[in-house]
Amino acid sequence: MLRQLLSFLLLSKLSNLPARNHKYFFTVVLLFVSHNSVACNFNDEVYSQLDYGLYWFGTENQCQKADSNNQNEFYNPKNKTLIFIHGLHSGKDKVQFRETFNPIQLEAGGPNINFADFWINKGWNVGILYWNQFANERQVKNAEAKIWTATGKKRMRWRDVAGNYQDFDTDLNVSELLSNNLVNNLSNFDGSHLRIVGHSLGSQVAISVSKNLLDASLSGRVSPKLIPDRIALLDAFSSNGKKKYLNRRWVGEVMRDYVASLQSFGVVFESYRTSATTSTIFVGDENKELNDMTAFVEMKNDYFGPLDFRKKHLAAPWRYFWSIDYPAPEIEQAELPAPSASTSDLRIEQMQSNNMTGSVVQIDGATTKSPFDDRYRYSSRLANKNKKHANNPLEGSYQLSTQEQRAADNNWGLRKTRMLEAWQILHSKNILPGEGVVIAHTDTGISEHPELEGNNFTPSPIDISSAKDYVDGDGFPEHNFDAINLIPRHGHGTETASVIVSPIGCPTGFSEPCVTGAAPYAKLVPIRVSDAVIIATGKRLAKGVDHAVDIGADIISISMGGVGNLPELHQAIQRANDAGIIVIAAGSNFTASIPVKPAAWETTIAVGAVRESLTPWIGSAFGPWIDISAPGVNIFHARTERNDGRIEYSVKKARGTSDAASLVSGAAALWLSYHGKDNLVSQYGAKNVPAIFKQILREHGVFRTKNFPKTGYGTGILDAALLLEAPLP
Numbered sequence: 050m051l052r053q054l055l056s057f058l059l060l061s062k063l064s065n066l067p068a069r070n071h072k073y074f075f076t077v078v079l080l081f082v083s084h085n086s087v088a089c090n091f092n093d094e095v096y097s098q099l100d101y102g103l104y105w106f107g108t109e110n111q112c113q114k115a116d117s118n119n120q121n122e123f124y125n126p127k128n129k130t131l132i133f134i135h136g137l138h139s140g141k142d143k144v145q146f147r148e149t150f151n152p153i154q155l156e157a158g159g160p161n162i163n164f165a166d167f168w169i170n171k172g173w174n175v176g177i178l179y180w181n182q183f184a185n186e187r188q189v190k191n192a193e194a195k196i197w198t199a200t201g202k203k204r205m206r207w208r209d210v211a212g213n214y215q216d217f218d219t220d221l222n223v224s225e226l227l228s229n230n231l232v233n234n235l236s237n238f239d240g241s242h243l244r245i246v247g248h249s250l251g252s253q254v255a256i257s258v259s260k261n262l263l264d265a266s267l268s269g270r271v272s273p274k275l276i277p278d279r280i281a282l283l284d285a286f287s288s289n290g291k292k293k294y295l296n297r298r299w300v301g302e303v304m305r306d307y308v309a310s311l312q313s314f315g316v317v318f319e320s321y322r323t324s325a326t327t328s329t330i331f332v333g334d335e336n337k338e339l340n341d342m343t344a345f346v347e348m349k350n351d352y353f354g355p356l357d358f359r360k361k362h363l364a365a366p367w368r369y370f371w372s373i374d375y376p377a378p379e380i381e382q383a384e385l386p387a388p389s390a391s392t393s394d395l396r397i398e399q400m401q402s403n404n405m406t407g408s409v410v411q412i413d414g415a416t417t418k419s420p421f422d423d424r425y426r427y428s429s430r431l432a433n434k435n436k437k438h439a440n441n442p443l444e445g446s447y448q449l450s451t452q453e454q455r456a457a458d459n460n461w462g463l464r465k466t467r468m469l470e471a472w473q474i475l476h477s478k479n480i481l482p483g484e485g486v487v488i489a490h491t492d493t494g495i496s497e498h499p500e501l502e503g504n505n506f507t508p509s510p511i512d513i514s515s516a517k518d519y520v521d522g523d524g525f526p527e528h529n530f531d532a533i534n535l536i537p538r539h540g541h542g543t544e545t546a547s548v549i550v551s552p553i554g555c556p557t558g559f560s561e562p563c564v565t566g567a568a569p570y571a572k573l574v575p576i577r578v579s580d581a582v583i584i585a586t587g588k589r590l591a592k593g594v595d596h597a598v599d600i601g602a603d604i605i606s607i608s609m610g611g612v613g614n615l616p617e618l619h620q621a622i623q624r625a626n627d628a629g630i631i632v633i634a635a636g637s638n639f640t641a642s643i644p645v646k647p648a649a650w651e652t653t654i655a656v657g658a659v660r661e662s663l664t665p666w667i668g669s670a671f672g673p674w675i676d677i678s679a680p681g682v683n684i685f686h687a688r689t690e691r692n693d694g695r696i697e698y699s700v701k702k703a704r705g706t707s708d709a710a711s712l713v714s715g716a717a718a719l720w721l722s723y724h725g726k727d728n729l730v731s732q733y734g735a736k737n738v739p740a741i742f743k744q745i746l747r748e749h750g751v752f753r754t755k756n757f758p759k760t761g762y763g764t765g766i767l768d769a770a771l772l773l774e775a776p777l778p
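Next up, the structure:
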């Protein structure tokens, strides 16, 4: 749906891109030399002139050059599509050499297998985007420069069949030429999946080409279908040093910027390291920060000698292409798949930004070339990401359980807010997440749901003994399925409660994905104050707040509000603050910049919502009264519904500032567990605790991205680990 909306939703905002971005996709006719589709035989005739661009492959290693003017027997626009981009081709002996999907031609230990056949038999188009005549440079830096600039030291020269260099008069670099070529040849693409795979230097090309396609789609020049769904980086290479043609920036930095931009539009990344080629200080750089942004795999190749770096480097493509023919390999003790060509996009997305479960290292299958016996274990990358923090409590600390890791894999909100890293900090002090904290949940009540019951991993988080119902007055705060109030949300309370405290693990009879709350060991007291999320007078909500004070709650979570003065509610929340209770309030899904109470009051913490791209959700409230933002789109929650008289339990996705506020309420519970409510009251006095928490949260418990607005959505996006690491005043 996102890609279907991109062209017309963003055209008006992005059609004024700089002229440099507009030169792609308007000069195709001038630059693209049309060739009739012919059987692939890379002979002298082909190499006597410049030949670059897309070739489609068939079975038995046949191929034909793509030509938009002629039908290609190896391409079906309705099929899923894989496009491979090779790396450096250096030396006169490589003039007529081109990689194919059969690695035996590499003469580097690869098997004599036509790997394209595996993909084609599964319904894929497979192609290679060739730039080998540009990549034929003795020095890698000269080939690399052509990826990014047409005015480098060697400009855009290419090598002919005789081994001589020829000038190519163009102001487009390799990435731009190949982007144009793809647009020309994929103009009718209507498949369900587009995957681009880059090897070595080709990883830079894959990233740059994909960024060009994204920019062109955002400005309405090409179909959103051409934004890749997935990008695989195979033993990615980038040379050292700052580049004049990149405004004195290192290539690796630019690659990371492009990857972040692509990820914000749903592109998922996987990367595989097979050699030490990128580790030498004289040739390349590992770009560990880039690996940390992807689902990263450390592969072993023990069938090669320890110094056979070239063979190990060249093994990356055929190992990846081979893996499509096998189920995704397992991760030790996790019962979850590791990255491979056959692993789902959802699983890759789950891993790519997860600090604890986003990186794996091979432990089995390293002595056999076939991937049939490959097995992996998690390799935490927390130490690298947090090395700037002195005395970091995460390093060498408690390893999360399989169930906790699965919770992160299934919930982007927990991942992006580093909730599980905060759990690790607590575990290192023998504290369970949310332990000892009471959360008053003033909402529409709750209904029975397996996600709110105890299981083998976590006890039930719901405290019914202290619950209250100010709607029916019957003592049990159950939902009214027949509510008719303004904007009735009779399942709202169950949904938001599950985001805060749903136990770890799946209930009996439920399969992944399940809900895991941000503070699964906290106790939640349901207080039913309304059947609607918009309130008029706030009187019943005020009673609910007073009840929270009476039962000694530590946090009040409010995901409803109104635009009136609500004086009784205002006074009740002030009493709660005086009693040392932290009050979290959803900013509302009212997109006009009109303060909604109680969120707009200084005595609460107002929460806005961001989407997966870490940019504000279009439905979120905004204004100077918003304190911070948190994930609020596609958040899994428990839902209880009545269908033809039957009660049905499910796990579904929701969006709204209610979910964002629920995550912040959970983070507040972790903070109180970590520091101890009694210790805080003893040190600062009860009435000062809410203000201290608010200050620390706003100043230290958030992170910002380049695209996050400077105003209107708070000081940043919730980071639970930073919140716990922040020193007390």
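So for the sequence shown, my numbering puts the first residue at 50; every next one is plus one. Note that the Cβ used here is the ideal one computed from N, Cα and C, for glycine as well.
CB of residue i within 8 Å of CB of residue j, strictly
{"i": "P775", "j": "I741", "result": "Rather than Pro, the amino acid found at residue 775 in this sequence is Ala. Taking 8 Å as the Cβ cut-off, A775 and I741 do not qualify as a contacting pair."}
{"i": "L178", "j": "L231", "result": "yes"}
{"i": "I280", "j": "S259", "result": "yes"}
{"i": "K202", "j": "N185", "result": "no"}
{"i": "H498", "j": "T543", "result": "yes"}
{"i": "A634", "j": "A655", "result": "yes"}
{"i": "I373", "j": "S391", "result": "yes"}
{"i": "H476", "j": "V574", "result": "no"}
{"i": "A648", "j": "S637", "result": "yes"}
{"i": "S669", "j": "T706", "result": "yes"}
{"i": "A387", "j": "Y425", "result": "yes"}
{"i": "I622", "j": "T653", "result": "yes"}
{"i": "Q382", "j": "F318", "result": "no"}
{"i": "S722", "j": "G483", "result": "yes"}
{"i": "S287", "j": "G269", "result": "no"}
{"i": "L547", "j": "P569", "result": "Correcting the residue type first, residue 547 is Ser in the shown sequence and not Leu. Contact: no."}
{"i": "G587", "j": "G566", "result": "no"}
{"i": "A571", "j": "A471", "result": "no"}
Minimum C-alpha distance to residue i - residue among the options
{"i": "Q182", "options": "H619, D100, R753 and K127", "result": "D100"}
{"i": "H242", "options": "A516, N683 and D278", "result": "D278"}
{"i": "L131", "options": "D209, F167, I488 and L481", "result": "F167"}
{"i": "F345", "options": "Q411, G354, P355 and S288", "result": "Q411"}
{"i": "R208", "options": "S714, P616, S428 and R187", "result": "R187"}
{"i": "L463", "options": "I766, H724 and L103", "result": "I766"}
{"i": "F421", "options": "D357, Y375 and G176", "result": "Y375"}
{"i": "R368", "options": "L356, L250, S324 and I380", "result": "S324"}
{"i": "L590", "options": "C112, T417 and R577", "result": "R577"}
{"i": "L363", "options": "K588, Y321 and G761", "result": "Y321"}
{"i": "T417", "options": "P160, G672 and I153", "result": "P160"}
{"i": "S310", "options": "I276, F358 and E335", "result": "I276"}
8 Å Cβ shell around residue i - same chain, five flanking residues per side excluded
{"i": "V700", "result": "E500, F559, P562, C563, V564, F685, H686, A687 and R688"}
{"i": "D239", "result": "P126, K127 and K274"}
{"i": "I536", "result": "Note that I536 scores 33 on pLDDT, short of 50, meaning its location in the model is unreliable; the coordinates nonetheless yield the value given after this. Around I536: A581, V582 and I583."}
{"i": "A735", "result": "D627, A628 and G629"}
Cβ-based neighbour list, residue i, same chain, cut-off 6 Å, excluding 5 preceding and 5 following
{"i": "V87", "result": "Low confidence applies to V87: its pLDDT is 43, below 50, so where it sits in the model is not reliable enough to give any reading."}
{"i": "K592", "result": "Y519"}
{"i": "K40", "result": "No answer is possible for residue 40: it lies beyond the span of the chain, which begins at 50 and ends at 778."}
{"i": "L777", "result": "none"}
{"i": "D423", "result": "P378 and G414"}
{"i": "Y214", "result": "R206 and R208"}
Same chain only: Cβ atoms within 7 Å of residue i, ignoring 5 sequence neighbours per side
{"i": "L295", "result": "W197 and V303"}
{"i": "V598", "result": "R624, A625, A628 and I630"}
{"i": "W173", "result": "N128, K129, T130 and L131"}
{"i": "A199", "result": "M205, T219, D220, L221 and N222"}
Cβ separation of residue i and residue j, assumed to be a contact under 8 Å, to the nearest whole Å
{"i": "L283", "j": "V246", "result": "6 Å"}
{"i": "F370", "j": "F150", "result": "6 Å"}
{"i": "L226", "j": "L137", "result": "17 Å between Cβ atoms; not a contact."}
{"i": "A223", "j": "W180", "result": "First, the amino acid is wrong: residue 223 is Val here, not Ala. Indeed they touch by this definition, with Cβ atoms about 5 Å apart."}
Would you check if the stretch 480-488 and the stretch 666-680 touch, i.e. whether three or more CB-CB distances between them fall below 8 Å?
-> no
Within the chosen definition, does the stretch 218-235 reach the stretch 157-166 through at least 3 CB pairs nearer than 8 Å?
-> They do not touch, by the three-pair rule.
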